[in-house]
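S.K.: The structure under discussion is supplied below as structure tokens; questions concerning it will follow.
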Amino acid sequence: SSGINAEYGDTVTSELKSYSSVVRESCSAALEPKRIVSAVKKVAEGEDRSRNVIVFGMLEEEEENVDSKVDILMDKLNEKPHTTDCSRIGQKKPGVHRPIRFKVTSSDTVYQILRKAKVLKDVEGFQRVFISPDRSVEERVSRQKLVTKLKSKRAAEPNKQFIIRKGEVVLLSEKKGCVENV
């Protein structure tokens, strides 16, 4: 009986040692300082971007006041958010109007602005102004693929209405506002 217990004890001990070595190796790889810093930066950057708005198509002038341009735009949308860090982004090139990026107090405010952005197509002087969230490079690439897929679906079935919702191209059904997965 004591021989069997010793045998089980040795087996349990060796299994625990091999289990602990596997855990130690996988945890040490996951807990490398570089990986932790990278993960924290990615989350912080995403959180920071969630409060940014990008405006395309606003005329760029010499000695312009970007803050006042953003205020005028927000007035056209009947929004009065507290905006900060209003600036043009990208390199200045002749004949090219750089986008404007500004920050608001919350991601909910960004969502409200984006929901109202479609009214700009009916506002004199703002028909060619477009508003989008601030996206990372990966998000922009993913979005571009979705837009390409959306355009091909619309071309293939012009009598149906497709939209992008929650990262997918979906069919807007006959019932008002109902969405069907395609």
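Count along the sequence shown from 1, add 1, and you get the number used in my numbering. Built from N, CA and C at the ideal position, the CB exists for glycine as well.
1. Please name the residue or residues paired with Asn53 in a DSSP beta bridge.
2. Which whole-angstrom value is the C-beta distance of Lys70 and Met59, which I expect to be below 8 Å?
3. In terms of alpha-carbon separation, which member of Val170, Thr84 and Ala40 lies closest to Ile55?
4. Evaluate Asp135 with the Cβ neighbour count: other Cβ atoms within 10 Å of its Cβ, from every protein chain shown; 16 or more gives buried, anything less gives exposed.
5. Measure from the alpha carbon of Lys117 to the alpha carbon of each residue in Ala157, Ser133 and Val171, then state which is nearest.
6. Compare the Cα-Cα distances from Arg52 to each of Leu173, Cys87, Val124 and Asn79 and report the closest residue.
7. Is the Cβ-Cβ distance between Ile164 and Leu147 less than 8 Å?
8. Would Val170 and Lys154 qualify as a contact pair, given that the criterion is a beta-carbon distance under 8 Å?
9. Would you call Val111 buried or exposed, if buried means 16 or more other Cβ atoms sit within 10 Å of its Cβ?
10. May I ask you to report which of helix, strand or coil DSSP gives Ser39?
11. Measure the C-alpha to C-alpha separation of Phe127 and Phe57 and round it to an integer number of angstroms.
12. Are the CB atoms of Arg89 and Glu64 nearer to each other than 8 Å?
13. Looking only at its chain, what residues have a beta carbon closer than 8 Å to the beta carbon of Asp72, apart from the 5 residues adjacent to it on each side?
14. For the stretch 74-137, which segments carrying the beta strand (DSSP E) assignment without a break, of at least 3 residues, lie completely within its bounds, in sequence order?
15. Are Gly91 and Pro100 close, meaning C-beta to C-beta below 8 Å?
16. Work out the CA separation of Arg102 and Lys94 for me, nearest whole Å.
17. Going by C-alpha to C-alpha distance, which of Gly168, Glu158, His98 and Ser174 sits closest to Lys140?
M.R.: Answer, in terms of the structure:
1. What you label residue 53 is simply residue 52 of the sequence shown in a count that begins at 1. Its beta-bridge partners are Lys104.
2. Counting from one through the sequence shown, the residue named residue 70 turns up at place 69. Counting from one through the sequence shown, the residue named residue 59 turns up at place 58. Indeed they touch by this definition, with Cβ atoms about 6 Å apart.
3. Stepping through the sequence shown from its first residue, residue 55 is reached at position 54. Residue Thr84 holds the alpha-carbon nearest to the alpha-carbon of Ile55 among Val170, Thr84 and Ala40.
4. Counted from its first residue, the sequence shown places residue 135 at position 134. Buried is the call here.
5. To locate residue 117, count along the sequence shown from 1; it is residue 116. Minimum Cα distance to Lys117 is reached at Ser133.
6. Locating residue 52 in the sequence shown gives position 51, counting from the first residue. Looking from the CA of Arg52, the closest CA among Leu173, Cys87, Val124 and Asn79 belongs to Cys87.
7. Sequence index remark: in the sequence shown, residue 164 carries index 163 (1-based). Sequence index remark: in the sequence shown, residue 147 carries index 146 (1-based). Going by C-beta atoms, Ile164 is not nearer than 8 Å to Leu147.
8. By one-based count along the sequence shown, residue 170 stands at place 169. By one-based count along the sequence shown, residue 154 stands at place 153. Taking 8 Å as the Cβ cut-off, Val170 and Lys154 qualify as a contacting pair.
9. Residue numbering aside, residue 111 sits at position 110 when the sequence shown is read from its first letter. By the neighbour-count definition (other C-beta atoms within 10 Å, threshold 16), Val111 is a buried residue.
10. To locate residue 39, count along the sequence shown from 1; it is residue 38. Helix.
11. The count along the sequence shown starts at 1 and reaches residue 127 at position 126. The count along the sequence shown starts at 1 and reaches residue 57 at position 56. Each residue's CA atom was taken as its position, placing Phe127 and Phe57 some 10 Å apart.
12. To locate residue 89, count along the sequence shown from 1; it is residue 88. To locate residue 64, count along the sequence shown from 1; it is residue 63. No, these two residues do not count as a Cβ contact at 8 Å.
13. Sequence index remark: in the sequence shown, residue 72 carries index 71 (1-based). These residues qualify, in order along the chain: Thr84.
14. Complete beta strand (DSSP E) runs here, min 3: 85-89, 101-104 and 131-134.
15. Working through the sequence shown from its first residue, we reach residue 91 at position 90. Working through the sequence shown from its first residue, we reach residue 100 at position 99. Yes; because the gap between Cβ atoms is below 8 Å, this pair is in contact.
16. Taking the sequence shown and counting its residues from 1, the one referred to as residue 94 is at position 93. Taking the sequence shown and counting its residues from 1, the one referred to as residue 102 is at position 101. One C-alpha to the other measures close to 17 Å.
17. The count along the sequence shown starts at 1 and reaches residue 140 at position 139. In the sequence as displayed, the identity of residue 140 is Glu instead of Lys. Glu140 has its Cα closest to that of Gly168, out of Gly168, Glu158, His98 and Ser174.
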